[in-house]
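Protein chains in written order, with our numbering: chain A, 4 to 278; chain B, 4 to 278. Worksheet for the structure shown next.
2 protein chains.
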Amino acid sequence: MKTISENRSFGGVQGVYAHDSQACNCEMTFAVYMPPQANDGPVPVLWYLSGLTCTHENAMTKAGLQSHAAEAGVAIVFPDTSPRGEGVANDDAFDLGQGAGFYVNSSEAPWKEHFQMETYLASELRDLVTENFSVSVHHGITGHSMGGHGALTLAMKYPGHYQSLSAFSPIANPTRSDWGRKQFTAYLGADESNWAAHDASVLLREKGWSGDVLIDQGGDDQFLELLKPAALVTSLTETRTAHDYRLHAGYDHSYYFVSTFARDHVMWHADRLKG
Amino acid sequence: MKTISENRSFGGVQGVYAHDSQACNCEMTFAVYMPPQANDGPVPVLWYLSGLTCTHENAMTKAGLQSHAAEAGVAIVFPDTSPRGEGVANDDAFDLGQGAGFYVNSSEAPWKEHFQMETYLASELRDLVTENFSVSVHHGITGHSMGGHGALTLAMKYPGHYQSLSAFSPIANPTRSDWGRKQFTAYLGADESNWAAHDASVLLREKGWSGDVLIDQGGDDQFLELLKPAALVTSLTETRTAHDYRLHAGYDHSYYFVSTFARDHVMWHADRLKG
Numbered sequence: 004m005k006t007i008s009e010n011r012s013f014g015g016v017q018g019v020y021a022h023d024s025q026a027c028n029c030e031m032t033f034a035v036y037m038p039p040q041a042n043d044g045p046v047p048v049l050w051y052l053s054g055l056t057c058t059h060e061n062a063m064t065k066a067g068l069q070s071h072a073a074e075a076g077v078a079i080v081f082p083d084t085s086p087r088g089e090g091v092a093n094d095d096a097f098d099l100g101q102g103a104g105f106y107v108n109s110s111e112a113p114w115k116e117h118f119q120m121e122t123y124l125a126s127e128l129r130d131l132v133t134e135n136f137s138v139s140v141h142h143g144i145t146g147h148s149m150g151g152h153g154a155l156t157l158a159m160k161y162p163g164h165y166q167s168l169s170a171f172s173p174i175a176n177p178t179r180s181d182w183g184r185k186q187f188t189a190y191l192g193a194d195e196s197n198w199a200a201h202d203a204s205v206l207l208r209e210k211g212w213s214g215d216v217l218i219d220q221g222g223d224d225q226f227l228e229l230l231k232p233a234a235l236v237t238s239l240t241e242t243r244t245a246h247d248y249r250l251h252a253g254y255d256h257s258y259y260f261v262s263t264f265a266r267d268h269v270m271w272h273a274d275r276l277k278g
Numbered sequence: 004m005k006t007i008s009e010n011r012s013f014g015g016v017q018g019v020y021a022h023d024s025q026a027c028n029c030e031m032t033f034a035v036y037m038p039p040q041a042n043d044g045p046v047p048v049l050w051y052l053s054g055l056t057c058t059h060e061n062a063m064t065k066a067g068l069q070s071h072a073a074e075a076g077v078a079i080v081f082p083d084t085s086p087r088g089e090g091v092a093n094d095d096a097f098d099l100g101q102g103a104g105f106y107v108n109s110s111e112a113p114w115k116e117h118f119q120m121e122t123y124l125a126s127e128l129r130d131l132v133t134e135n136f137s138v139s140v141h142h143g144i145t146g147h148s149m150g151g152h153g154a155l156t157l158a159m160k161y162p163g164h165y166q167s168l169s170a171f172s173p174i175a176n177p178t179r180s181d182w183g184r185k186q187f188t189a190y191l192g193a194d195e196s197n198w199a200a201h202d203a204s205v206l207l208r209e210k211g212w213s214g215d216v217l218i219d220q221g222g223d224d225q226f227l228e229l230l231k232p233a234a235l236v237t238s239l240t241e242t243r244t245a246h247d248y249r250l251h252a253g254y255d256h257s258y259y260f261v262s263t264f265a266r267d268h269v270m271w272h273a274d275r276l277k278g
């Protein structure tokens, strides 16, 4: 692991790091914010998964999470959204290939050689962060859009990995959306029976979720029909999974929306990770 | 209008009153809580509609609303849930007839002679309260179960009548529930086209709602399959109507649930009625 940069931020440190990933078979970059409380011992850690086209950098610079993390005493990890590099498969579309890993392990050429984001996040980067930063065993996970999909599905697929869960305008029912069907066909193949394990609205009914969930959604989100949050709320209700789903008038899909509600999410996780 | 009782409560007055209703063609009883702030001038008023089997009394004695109303400076009206008396039609079932008016105007015998709860609430009792109590032009509406259905549908049907809206575990999609189909058949007749105007999940798509909505639901509610809150959340999401829908683990359908979240609702209304 090598350090790309470290900057003092709200009394803590915002760092950017790179390492050779076994899972993704290429160099991967990620960012970690360590709050000032980490000087006194391990702190809980919140994973923030970003959306389509993003790197580790977008949320790090635009979501305003550091001030809330410093207030709550929580570390934040900002992974990249896909493998990257000249030798890594790509597509001209913004929503496939680099910047669009969809947090799955690909089984299909040409993607499978590098696109192993599920293993990368749930195992490799998790171990790397735990070994190299002063974080406790209490992990939470959140994300925006494609990253909200990643947060929801990883939390359900890896019981015990994450003790708290939230999402900003998640892709909530990808097996029934053009944000999902196209990518699952490419990464996972045409057999739709392999897709269900990567759709939060479907997966919840099989796997459940041991805690509660906070979901924020912009009422003027230009992608609402692709996100399908109501399908997820229906699954949450019918499985009687505690949740708070808020649709906020006037907010769109951007980081202006995410940053507005970022503090609520950090505090939601902090409350649950310190119990 | 005659006074049945008046009791000092949290610095204000909890009163119970009766009057001869034109709309329901019988004597009707209702309760009003006036907060101490009413001594200084008109206060906003929150209508609380109760559920199946209730009179004006259940929420008045069990929901704990008075302390919150006194804190917020809001009056609360507790209407009855149906016409009552020896000459009023009834049914042996708890969910039809007296105590189960469903907040509609009946067009069918033997109900239509007395069961005119929509007109009673939206016109007659509204005028009576406005004329006899120190309340402002700012009205909000909420309710529990059948009363949540009443609050949602009356708010949508009478634009301008109510400036704020919430519900506790509402009957949210009665045209597709045994809590609705049975009663609408009796009160409105077999022609289902007359039912849509009394189903919040359907009505919202036609009429909309000018504000936002708070909905609380118990996760252990024994009637969840009859209430169908997810249908309403789907309509709210697809019409991009701002809302906060919370499913709370472990809470059932009782007043223990209502009273737990009563303060949140009173403050939700107070914030919007004082603007």
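Heads up, the beta-carbon is just placed ideally off N, CA and C, and yes, glycines get one too.
Would you mind working out which of the options sits nearest residue i, comparing C-alpha positions?
i: residue 160 of chain A; options: A/255, A/121, A/169; result: A/121
i: residue 40 of chain B; options: B/5, B/196, B/20, B/79; result: B/79
i: residue 177 of chain A; options: A/188, A/168, A/219; result: A/188
i: residue 152 of chain B; options: B/190, B/200, B/126; result: B/200
i: residue 179 of chain A; options: A/203, A/166, A/172; result: A/203
i: residue 264 of chain B; options: B/140, B/70, B/232; result: B/70
i: residue 183 of chain A; options: A/171, A/194, A/198; result: A/198
i: residue 91 of chain A; options: A/114, A/108, A/76, A/109; result: A/114
i: residue 233 of chain B; options: B/173, B/193, B/191, B/258; result: B/173
i: residue 126 of chain A; options: A/146, A/150, A/157; result: A/157
i: residue 229 of chain B; options: B/210, B/256, B/84, B/249; result: B/256
i: residue 106 of chain A; options: A/27, A/213, A/163; result: A/27
i: residue 259 of chain A; options: A/17, A/22, A/25, A/61; result: A/61
i: residue 284 of chain B; options: B/249, B/44, B/84; result: Any question about residue 284 of chain B goes unanswered here, given that chain B covers just 4 to 278.
Could you check whether the Cβ of residue i sits closer than 8 Å to any Cβ belonging to chain A?
i: residue 240 of chain B; result: yes
i: residue 249 of chain B; result: yes
i: residue 55 of chain B; result: no
i: residue 215 of chain B; result: yes
What in chain A is Cβ-close to residue i, meaning under 8 Å?
i: residue 2 of chain B; result: No answer is possible for residue 2 of chain B: the residues shown for chain B start at 4 and end at 278.
Since residue i is in the alpha helix (DSSP H), which residue starts that stretch and which ends it?
i: residue 15 of chain B; result: Element bounds for residue 15 of chain B: not the alpha helix (DSSP H) but the beta strand (DSSP E), 15 to 24.
i: residue 70 of chain A; result: 68 to 75
i: residue 134 of chain A; result: 129 to 135
i: residue 149 of chain B; result: 149 to 160
i: residue 138 of chain A; result: Here residue 138 of chain A belongs to no alpha helix (DSSP H); instead the beta strand (DSSP E) covers 138 to 146.
i: residue 63 of chain A; result: 60 to 65
i: residue 186 of chain B; result: 181 to 191
i: residue 236 of chain A; result: 232 to 241
i: residue 206 of chain B; result: 203 to 210
Hey, is residue i's beta-carbon within less than 8 Å of any beta-carbon in chain B?
i: residue 207 of chain A; result: no
i: residue 236 of chain A; result: yes
i: residue 233 of chain A; result: yes
i: residue 246 of chain A; result: yes
i: residue 179 of chain A; result: no
i: residue 252 of chain A; result: yes
i: residue 243 of chain A; result: yes
For my contact list, residue i and residue j are in at a C-beta cut-off of 8 Å; report their separation, rounded to the angstrom.
i: residue 99 of chain B; j: residue 186 of chain B; result: 6 Å
i: residue 243 of chain A; j: residue 222 of chain B; result: 5 Å
i: residue 124 of chain A; j: residue 82 of chain A; result: 6 Å
i: residue 132 of chain B; j: residue 138 of chain B; result: 6 Å
i: residue 215 of chain B; j: residue 246 of chain B; result: 6 Å
i: residue 117 of chain A; j: residue 57 of chain A; result: About 17 Å; that fails the 8 Å criterion.
i: residue 65 of chain A; j: residue 262 of chain A; result: 7 Å
i: residue 14 of chain B; j: residue 37 of chain B; result: Contact doesn't hold; Cβ gap of about 10 Å is too wide.
i: residue 3 of chain B; j: residue 276 of chain B; result: No information on residue 3 of chain B is available, as it lies outside the stretch 4 to 278 that chain B covers here.
i: residue 63 of chain B; j: residue 21 of chain B; result: Contact doesn't hold; Cβ gap of about 14 Å is too wide.
How far does the beta strand (DSSP E) with residue i in it extend, from its first residue to its last?
i: residue 247 of chain B; result: 246 to 251
i: residue 263 of chain A; result: From DSSP, residue 263 of chain A is part of no beta strand (DSSP E) but of the alpha helix (DSSP H) over 258 to 276.
i: residue 116 of chain A; result: Residue 116 of chain A -> no beta strand (DSSP E), and no H or E assigned at all.
i: residue 11 of chain B; result: 5 to 12
i: residue 78 of chain B; result: 78 to 82
i: residue 51 of chain B; result: 46 to 52
i: residue 216 of chain B; result: 216 to 221
i: residue 168 of chain B; result: 167 to 171
Please tell me whether residue i has its Cβ less than 8 Å away from any Cβ of chain D.
i: residue 223 of chain A; result: Given the protein chain composition of this structure (A and B), no chain D is represented.
List, in order along the chain, the chain A residues whose C-beta lies closer than 9 Å to that of residue i?
i: residue 227 of chain B; result: 240, 241, 243
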